[in-house]
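Last residue of the sequence shown: 933 in this note's numbering, with the numbers rising by one and none dropped. From the three backbone atoms N, C-alpha and C, an ideal C-beta is built for every residue, glycine too. Since the model is a prediction, treat every value here as computed from it, not as a measurement.
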Amino acid sequence: MKLDSGELSQAILAAFQGSLREQWPEIRAYGESEAKKLAQTLVMIEALQASGKITPAQAALHLEIQKNACRSVLLTLEGLGLLAVEAALDAALGVIRETVNGALGFALL
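Okay, here's the thing in structure tokens:
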């Protein structure tokens, strides 16, 4: 199964919106941007893994870099604390876990 960046992005975005609903009107543009970046990273990881150019450990590092970038962006927004941002990231990755791990053939999320 091939990952679809648009579908992943929408699922991540919905999880962000649900988790950060009180602040959503103010942070929507950032949430949309970060959801797209996270989805694109996962699609890139899938492509690299399929071509044998990345190991599961390297894939985990790529994902962690993108998660850190997303976390940093969201933490700069007024009213968002670390616990809220971590909960949003956990929710976002949780809704796509089965799809991504199934496509990769190993547990990345």
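Can you check which of these residues, the options, is closest to residue i by C-alpha distance?
i       : options                            : result
Ala-912 : Glu-856, Ala-884, Asp-828          : Glu-856
Ala-874 : Arg-921, Leu-933, Leu-928          : Leu-928
Gln-890 : Ser-833, Leu-866, Trp-848          : Leu-866
Glu-910 : Ala-893, Gly-876, Leu-932, Gly-926 : Ala-893
Phe-930 : Lys-861, Leu-899, Ile-878          : Ile-878
Lys-861 : Trp-848, Gly-903, Glu-902, Ser-829 : Ser-829
Gln-864 : Phe-840, Leu-832, Ala-839          : Leu-832
Leu-901 : Pro-849, Asn-925, Gln-834, Ala-871 : Pro-849
How many angstroms separate the CA atom of residue i from the CA atom of residue j?
i       : j       : result
Lys-826 : Leu-887 : 18 angstroms
Ile-851 : Pro-880 : 32 angstroms
Ala-908 : Glu-846 : 11 angstroms
Leu-898 : Val-919 : 19 angstroms
Arg-895 : Ala-853 : 15 angstroms
Ile-869 : Leu-933 : 12 angstroms
Val-924 : Leu-906 : 25 angstroms
Would you call residue i buried or exposed, if buried means 16 or more other Cβ atoms sit within 10 Å of its Cβ?
i       : result
Ala-883 : buried
Glu-922 : exposed
Ser-843 : buried
Ala-835 : buried
Ala-916 : buried
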